[in-house]
Amino acid sequence: MRGRTRAELFANAALGLLSVAVELQQVKPINTYPLAVAGDDEQSLLVNWLSEILYYLDGERVVMNRFEIREITPTSIRALGFGEPRDPARHPAKLVVKGITYHQLRITKDSGGWCAEVYLDI
Amino acid sequence: MSAKVELREIDPIRFVIPQDSKRGMRTSVLIFANRKILDEIRSDLSLEQAANVATLPGIVGPSLAMPDIHQGYGFPIGGVAATDWQHGVVSPGGVGFDINCGVRLVRTSLTADEVRPRLSELINQAFRDIPCGTGGSGHIELNKRQLDEVLEEGAGWAVAAGYGEPVDLEFCEEHGCLADADPEKVSERAKQRGLPQLGTVGSGNHFLEIQYVESIHDTEAARIMGLEPNQVTVLIHCGSRGLGHQVCTDYLAEMGSAMKRYGIVLPDRQLACVPIQSPEGQSYLAAMRAAANFAWANRQAILHMLRGSLRKIFGNNVQARLIYDVCHNIAKRERHVVDGVKRDVLVHRKGATRAFPPGHREIPAEYRSIGQPVLIPGSMGTASWVLVGAEGAMRESFGSVCHGAGRLMSRTAARKGQNARQVLERLAQQGILARSETRDGILEEIPEAYKDVDEVIEVVHQAGLARKVARLRPMGVIKG
């Protein structure tokens, strides 16, 4: 995943995870879901953030297709997710993601912006 | 490391990575493999990961690599690590996200010739009756109190609720229930993920396979298990679904933070661990046992639904008896002899199967003379194996053996350049009918994605970890 800023990277990472797991084309952003996650460092923040999105998808049965990052530091993130309850007819599942791993996890920043590589256990 | 690591050959099926190969290793790595399998193993990071496991505080004996080993997350899949019960650590990565993923084998009163003409009907019926795939929910509605009972009672809850027969419990590892499970140590989030999923197979490499006994390799053991040539068997492969996944996620996060307090530094964060005797370690084990119990109840409910499918097609007289149920993602307290001394250890089996030898008191009385049944699924185009545990497993591998053929390709790699229709046609030409909710479900599990299961089995048989009993050929596969 890439992003011009750390905030954009995290928003894109969430969208990347969701697009692997479920068909997003027909998601209507009719509800807002407040999201707040912390981590010991940037890597655990990303893993915990994606784990939160995965929990919403698999536990709360909510699918989101847009994220507004309100506040982000290397160890905390506060955001709003926009989406709706999962409807298997309109949001067919593509893949069951078991969890987010630290395996070869990389977060880098260069002149082109931010980049992260995350492996999902599927 | 895997490609260039210096291995010491002990004999043609045992290799060692010495303890001084990598900084921080507290023990060596013992690999069970022949040269061909070893070359395959060295193409990924699994040996590096097995060496990382050797750095775990309190590890007892070598870090073990079974012949089906392949790259996982933190721990390799096909790895075994025992840690000292008093002074060692517990690592959720040594169990994995899918806690108590396992297999159960069912023998039927049907022959392959009886099933073949109605195989398509049976597959379709089972596909209707048994929820498979990415859909999150099943037919069993639980309230939160009932879910807590499932977490405490495992397969016994399912039988008491009418999903199966009491005799089924005799033929499950641990009778389908780990003691000292604590539902209170399972987060509300994990329960929320698991609540609608009891009695569902799931997706990924999970499946239900209709097979027949192609060949018998140990007549006496096969007789005691009730296996005969051409008899139809069914293999069920699944685990603890979202509930187990969330338990692992929760405790990986907690342990990642707690490790610093315990001064533990590891080469891979996915190996996150804490002392077994710490509050965090005890909480994880109590939650892991609860998730394991959910998995046993899940496989029990699926067996019940399978029996219903069989009866709908073949009538009420058809018999489907459980041969055995084993878990292959688990951490269990066991007593093993290490360097001549009995020690209590926590055996992490990450993609590895318990394989206790004849006479062991934890084997059902009916099987005590032959050893614990060990069930090894291959790929959907090849074969699965029934083995029994042997003495060598107690001497060399903490009573453990492999759990499958072992992947050669990642799921992503397996999907590339393949056409689902052609794969299905190719399987049909071999007499194998496959049905999956998704096209990817078929592609990811193509036979070429796996090592040769017969070679893997030959290694563990020759090593004396387990003995061959029967080879099972697939006829029909239902996949998520």
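In order, the protein sequences belong to chains A and B. If you count the first sequence from 1, you need to add 1102 to reach this note's numbering. If you count the second sequence from 1, you need to add 957 to reach this note's numbering. For each residue, glycine too, the CB sits at the ideal point set by N, CA and C.
Under the 8 Å criterion on CB atoms, H1202/B is classed as interfacial with respect to chain A. Assignment of T1012/B by DSSP, reduced to helix, strand and coil, places it in the coil class. The CB of T1177/A never comes closer than 8 Å to any CB in chain B; the least such distance is about 11 Å. Residues of chain A with a Cβ closer than 7 Å to the Cβ of D1055/B are, in chain order, K1200.
Burial state of K1408/B is buried, judged by a 10 Å Cβ sphere holding 16 or more other Cβ atoms. Note on Q1386/B: under 16 other CB atoms within 10 angstroms of its CB, so exposed under the neighbour-count rule.
Taking 8 Å as the cut-off, the Cβ atoms of G1437/B and G1159/B count as close. At least one beta carbon of chain B lies nearer than 8 Å to the beta carbon of G1161/A. For the region 1103-1140 of chain B, the full-length alpha helix (DSSP H) segments reaching 4 residues or more read 1112-1117, 1123-1127 along the chain. With 16 or more other Cβ atoms inside 10 Å of its own Cβ, E1005/B counts as buried. Straight-line measurement puts the Cα of L1303/B at about 9 Å from the Cα of R1292/B. Judged by DSSP in its simplified three-state form, C1205/B adopts helix. The residue among V1298/B, D968/B, A1322/B, A1136/B with its C-alpha nearest the C-alpha of G1018/B is V1298/B. A1288/B is bridged by DSSP to H1305/B. A contact between stretches requires three or more CB pairs, one per stretch, nearer than 8 Å, and the region 1245-1255 of chain B meets this requirement with the region 1053-1060 of chain B.
Interface flag for Q1103/B against chain A is unset, since no Cβ pair is found closer than 8 Å. Taking 8 Å as the cut-off, the Cβ atoms of L1108/B and L1155/B do not count as close. Nearest C-alpha to L1384/B among M1337/B, G1051/B, R1075/B: M1337/B. In its chain, beyond the 5 residues on either side, L1135, A1136, D1137, A1138, D1139 have a beta carbon closer than 8 Å to the beta carbon of R1246/B. Segment contact: the region 1183-1197 of chain A against the region 1081-1092 of chain B, three or more CB-CB distances shorter than 8 Å; contact assigned.
In the assembly as shown, A1322/B is an exposed residue. Its beta-carbon has fewer than 16 other beta-carbons within 10 Å.
Cα atoms of G1220/B and G1015/B: separation of roughly 14 Å, rounded to the nearest angstrom. Burial state of K1425/B is buried, judged by a 10 Å Cβ sphere holding 16 or more other Cβ atoms. Taking a contact as a CB-CB distance under 8 Å, the pair L1148/A and A1181/A does not count as one, their CB atoms being some 13 Å apart. Three or more Cβ pairs closer than 8 Å define a contact, and the region 1232-1240 of chain B falls short of that threshold against the region 1149-1164 of chain A. Of all C-beta pairs linking the region 1265-1278 of chain B to the region 965-975 of chain B, fewer than three are shorter than 8 Å, placing the two stretches out of contact.
What S1160/B touches in chain A, judged by beta-carbon distance under 9 Å, is A1195, L1197, V1198, I1224, going in chain order. L1079/B is not a Cβ neighbour of G1346/B, given a cutoff of 8 Å. In the DSSP assignment, C1230/B forms no beta bridge with any residue. Contact between the region 1017-1034 of chain B and the region 1184-1195 of chain B is absent: fewer than three C-beta pairs spanning the two stretches fall below 8 Å. Under the DSSP assignment, H1096/B falls outside any beta strand (DSSP E); it carries neither an H nor an E label.
Three or more Cβ pairs closer than 8 Å define a contact, and the region 1205-1214 of chain A falls short of that threshold against the region 1354-1365 of chain B. In this chain, R1085/B is not harboured by any beta strand (DSSP E); it is covered by the alpha helix (DSSP H) spanning 1076-1086. Using beta-carbon distances, C1089/B does not count as an interface residue toward chain A, since no partner is under 8 Å. Looking at R1428/B, L995/B, T1395/B, L1165/B, the one whose alpha-carbon comes closest to that of D968/B is L995/B.
Taking a contact as a CB-CB distance under 8 Å, the pair G1118/A and L1111/A does not count as one, their CB atoms being some 10 Å apart.
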